[in-house]
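In this note's numbering, the protein residues as written are 20 to 512.
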């Protein structure tokens with residue numbers, strides 16, 4: 020009868036061991052889909068793709084980043100507003116003591132053109148005894164159609180065109196800043212997600228380990244009661260159980276804090292924060308099938324991709340484009356201001372040269388107003404200083420671009436090296452887990468045969484759990500490295 024009891028107790032220990040050592044298999048499913056069989060029926064998988072979808076569409080930082088392109092578009096609209104046609108009208112009149120002095124009225128429509136000239140059309144009427152002779156017209160008034168053209172400064176580029184070009188460069192800068200903000204947000208969200216997954220994996224391992232210690236304590240206590248083991252063995256089993264319960268409680272707190280940290284990324288469509296449901300579980304850590312090596316030419320391909328799309332490099336290039344436009348404008352400022360203003364005149368309104376509607380040479384020679392203006396600073400100290408400052412900014416930005424390019428290359432290579440190093444560590448750690456499992460199983464057999472002690476068996480189990488936790492940490496770090504590589508390459512996908 021005694022041996023039958025011992026056999027049953029040994030069977031209970033083996034059953035607990037099988038429960039602790041069963042592998043975790045399965046694949047991630049979107050939130051709300053059927054869960055893996057080894058998890059509770061109420062559990063649902065919240066995958067990394069689900070988190071990134073929430074982050075990209077609803078996170079306040081992502082929404083802030085989405086405002087940048089719209090702001091840049093409005094900057095372009097603001098700059099182009101300087102080319103809007105302008106209608107002006109002004110009237111001055113004076114009458115004192117019943118005596119009429121003058122009536123001066125001028126209405127004009129001005130249309131700026133892209134190449135610097137302005138087309139204008141208008142009507143003016145100046146009558147009265149004391150009207151300025153320059154503004155004096157017939158009682159029917161005077162209509163005109165003219166053009167104002169810069170011949171030196173402002174011919175190739177001016178402030179209006181420079182503002183539009185710089186605003187267009189700002190659009191590229193805003194897009195780069197948007198992608199940079201999203202990349203950083205997604206990188207941090209991915210890292211926190213895998214920390215959450217790691218905390219869950221650690222919690223499950225320690226829970227299984229605690230359940231096994233509970234089964235062993237009951238079995239050892241029964242054998243002590245039957246006189247098969249010394250009483251001190253029950254104390255050893257109880258102490259180990261209590262240590263594992265304390266470690267499990269700490270892991271539970273870490274899991275709760277990781278869940279709270281991940282919930283900070285969740286927002287609904289009304290911009291209200293959301294919490295992860297209690298029955299939600301993370302997807303599995305990347306297993307051996309995901310520990311793939313990078314292709315031989317992948318480093319060069321990723322580095323080349325980073326040179327093209329990395330937001331930091333695109334921001335520097337956009338700044339160079341803006342400074343280039345500013346340099347063209349400042350170079351143009353070194354030229355003298357020379358402009359010609361020509362107005363074709365016609366008495367009365369609306370403008371209709373001659374009754375027959377033709378513009379003869381005699382009409383053009385006898386019905387016009389012509390103006391020429393010229394200005395040129397003799398020392399050009401302001402213009403030359405501004406140009407030199409622009410050259411310094413260009414040099415500084417070019418050096419910054421070189422430094423950023425080098426940093427991106429080094430960052431990509433460092434992440435690739437870490438990727439390959441983690442693959443080697445994962446393969447070795449997996450072998451460590453397998454060896455620790457064999458040692459634990461051998462110690463269990465020795466214990467059942469009476470050749471070992473509870474202390475040695477607990478030591479083997481502690482080594483096995485530690486090896487499994489270390490493997491989970493490496494798996495989480497490997498997944499984080501994958502996200503870091505995407506960030507280092509500058510891509511959102």
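In this text, a Cβ means the ideal position worked out from N, Cα and C, and glycines have one as well.
Looking only at C-alpha atoms, which of the options sits nearest to residue i?
| i | options | result |
| --- | --- | --- |
| residue 489 | 451, 233 and 499 | 451 |
| residue 447 | 480, 487 and 419 | 487 |
| residue 394 | 172, 301 and 437 | 172 |
| residue 439 | 208, 318 and 449 | 318 |
| residue 149 | 427, 391, 114 and 504 | 114 |
| residue 153 | 121, 130, 175 and 128 | 121 |
| residue 294 | 346, 89 and 281 | 281 |
| residue 179 | 345, 382, 400 and 384 | 345 |
| residue 194 | 85, 314 and 312 | 85 |
| residue 289 | 398, 76, 366 and 119 | 76 |
| residue 219 | 504, 432, 347 and 491 | 491 |
| residue 498 | 213, 71, 94 and 203 | 213 |
| residue 396 | 226, 101 and 353 | 353 |
| residue 101 | 117, 71 and 133 | 133 |
| residue 109 | 403, 144 and 305 | 144 |
| residue 402 | 383, 422 and 347 | 347 |
To the nearest angstrom, how far is the alpha carbon of residue i from that of residue j?
| i | j | result |
| --- | --- | --- |
| residue 364 | residue 162 | 6 Å |
| residue 284 | residue 83 | 14 Å |
| residue 330 | residue 137 | 40 Å |
| residue 500 | residue 435 | 9 Å |
| residue 252 | residue 244 | 11 Å |
| residue 217 | residue 405 | 57 Å |
| residue 146 | residue 112 | 10 Å |
| residue 510 | residue 183 | 29 Å |
| residue 324 | residue 176 | 35 Å |
| residue 21 | residue 247 | Unreliable positioning characterises residue 21 in this predicted model, as indicated by a pLDDT of 39, which lies under 50. The coordinate reading is nonetheless provided below. Approximately 9 Å, taken between the alpha carbons. |
| residue 505 | residue 300 | 25 Å |
| residue 503 | residue 236 | 45 Å |
| residue 233 | residue 222 | 16 Å |
Anyone know if the C-beta pair for residue i and residue j falls short of 8 Å?
| i | j | result |
| --- | --- | --- |
| residue 412 | residue 349 | no |
| residue 416 | residue 332 | no |
| residue 480 | residue 459 | yes |
| residue 495 | residue 321 | no |
| residue 197 | residue 79 | no |
| residue 239 | residue 266 | no |
| residue 156 | residue 127 | no |
| residue 204 | residue 391 | no |
| residue 420 | residue 335 | yes |
| residue 141 | residue 123 | no |
Opposite residue i in the DSSP bridges: which residues?
| i | result |
| --- | --- |
| residue 286 | 292 |
| residue 166 | 138 and 361 |
| residue 111 | 123 |
| residue 356 | 394 |
| residue 301 | 65 |
| residue 105 | 129 |
| residue 387 | 363 |
| residue 118 | 115 |
| residue 145 | 123 |
| residue 161 | 143 and 367 |
Residue i: buried (16+ other C-beta within 10 angstroms of its C-beta) or exposed?
| i | result |
| --- | --- |
| residue 276 | exposed |
| residue 358 | buried |
| residue 254 | exposed |
| residue 81 | buried |
| residue 387 | exposed |
| residue 229 | buried |
| residue 484 | buried |
| residue 27 | At residue 27 the pLDDT is 40, less than 50, meaning the model places this residue with poor confidence; the figure from the coordinates comes in the next sentence. Answer is exposed; the Cβ neighbour count stays below 16. |
| residue 37 | With a pLDDT of 39 at residue 37, under the threshold of 50, the modelled position of that residue is not reliable, and the figure given next carries that caveat. By the 10 Å Cβ count, residue 37 comes out exposed. |
At least one CB of chain C closer than 8 Å to the CB of residue i: is that the case?
| i | result |
| --- | --- |
| residue 474 | Given the protein chain composition of this structure (a single chain), no chain C is represented. |
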